[in-house]
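One structure is given here, and the rest of the page talks about it.
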Amino acid sequence: MFGNRNTKKQEGIQTDILSRGENKINDLIAPDTIQNEKTFYVVGNRLVRTFVVVGYPRTVRMGWLDSLYSYDANIDISLHITPWSRTKVIKTLNRRIGQYMSTISMDDRNGRITDVEVVTALEDAEDLRDKLHTGISRFFYQAIYISVSARYVDDLDQLTEEVESLCGSMQLTTRIAVLQQDKGFMTVLPLNDDRIRKTRNFDTESLSTCFPLVSAELTNTEGVPILYGINQINNSLVMFDRFKLNSFNSVTLATSGAG
15 MFGNRNTKKQ
25 EGIQTDILSR
35 GENKINDLIA
45 PDTIQNEKTF
55 YVVGNRLVRT
65 FVVVGYPRTV
75 RMGWLDSLYS
85 YDANIDISLH
95 ITPWSRTKVI
105 KTLNRRIGQY
115 MSTISMDDRN
125 GRITDVEVVT
135 ALEDAEDLRD
145 KLHTGISRFF
155 YQAIYISVSA
165 RYVDDLDQLT
175 EEVESLCGSM
185 QLTTRIAVLQ
195 QDKGFMTVLP
205 LNDDRIRKTR
215 NFDTESLSTC
225 FPLVSAELTN
235 TEGVPILYGI
245 NQINNSLVMF
255 DRFKLNSFNS
265 VTLATSGAG
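Position one of the sequence shown corresponds to residue 15 (the numbering used here), numbered consecutively onward.
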């Protein structure tokens, strides 16, 4: 009995000794260098900088983030969405509504004009509470993170300015994750792990406008694709095999003399 145990133990030790010299999957895919700087993260020969979206526009339309999703650059966008308890949200909204109504009542009693933002916040809170009560809407917390990458610092800074300018035109306020670039890098990876947790509350309607339901890509590699030209939106290739589509017919529109 003891002999069998000793034999198994020796086999386990030998297996462990042999496995130490083997290459693991992590060894094969790991970058040569990983270095965490103040405003960027070094992964191999690439520099990665992560932004956190901290401000959103008050009103949005469907597909309002499409220009960011289709931006022609080395850019990754990560959305982290967490559903929240309807009961807890309704209780919180009732407290907020009570505070807003109390403020309006005191202003009216003292002959003051109530701030427009307070009145608007009251209307929004009442509207959201009614939607939650009737089950029309649900409540979520969402965080949006953006990562840009480049080979050199100058290129990274240039790309940073371009993305910040684009976000500003969309009324998005972004901040570089200073001293949190390692967390930002891991957060943007498809691991479902938000390590920064800079969230904002969304209802179902507003959250649905953030999804990339359409794509500017016009490339399909099935069959024998033919190059038709350059996509004017993001400079990608327009390439597909029309005989692999449901209909073989095509329509070409151009100005006179365009060929």
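C-beta: ideal position from N, C-alpha, C; glycine also. Given the structure is predicted, the values throughout are model-derived calculations rather than measurements.
{"query": "Cross-strand partners of aspartate 217 (DSSP beta bridge)", "result": "Phe153"}
{"query": "Exposed unless 16 or more other CB atoms sit within 10 angstroms - verdict on alanine 87", "result": "exposed"}
{"query": "When Gly237, Met253, Val238 and Glu236 are compared against isoleucine 244, the one with the closest alpha-carbon", "result": "Met253"}
{"query": "For alanine 139, three-class secondary structure by DSSP", "result": "helix"}
{"query": "Inter-residue Cα distance where the pair is lysine 105 and glycine 112", "result": "11 Å"}
{"query": "Nearest-angstrom Cα separation, counted from aspartate 141 out to aspartate 90", "result": "34 Å"}
{"query": "Candidates Asp129, Ser261 and Ile43, of which the one nearest tyrosine 114 by Cα", "result": "Asp129"}
{"query": "Separation of histidine 94 from proline 204, as counted between CA atoms", "result": "10 Å"}
{"query": "Test item: CB-CB of serine 151 and aspartate 80 under 7 Å", "result": "no"}
{"query": "Pair within 7 Å by beta-carbon distance, valine 192 and phenylalanine 153", "result": "no"}
{"query": "According to DSSP, residues forming a beta bridge with glycine 49", "result": "The sequence shown places glutamine at residue 49, not glycine. DSSP lists Val56 as partners of glutamine 49."}
{"query": "Residue-level contact to chain D via CB, valine 67, 7 Å cutoff", "result": "Annotation note: the requested chain D is absent from the structure, which comprises a single protein chain."}
{"query": "Range covered by the alpha helix (DSSP H) that runs through glycine 237", "result": "Premise fails: glycine 237 is in no alpha helix (DSSP H) and is neither H nor E."}
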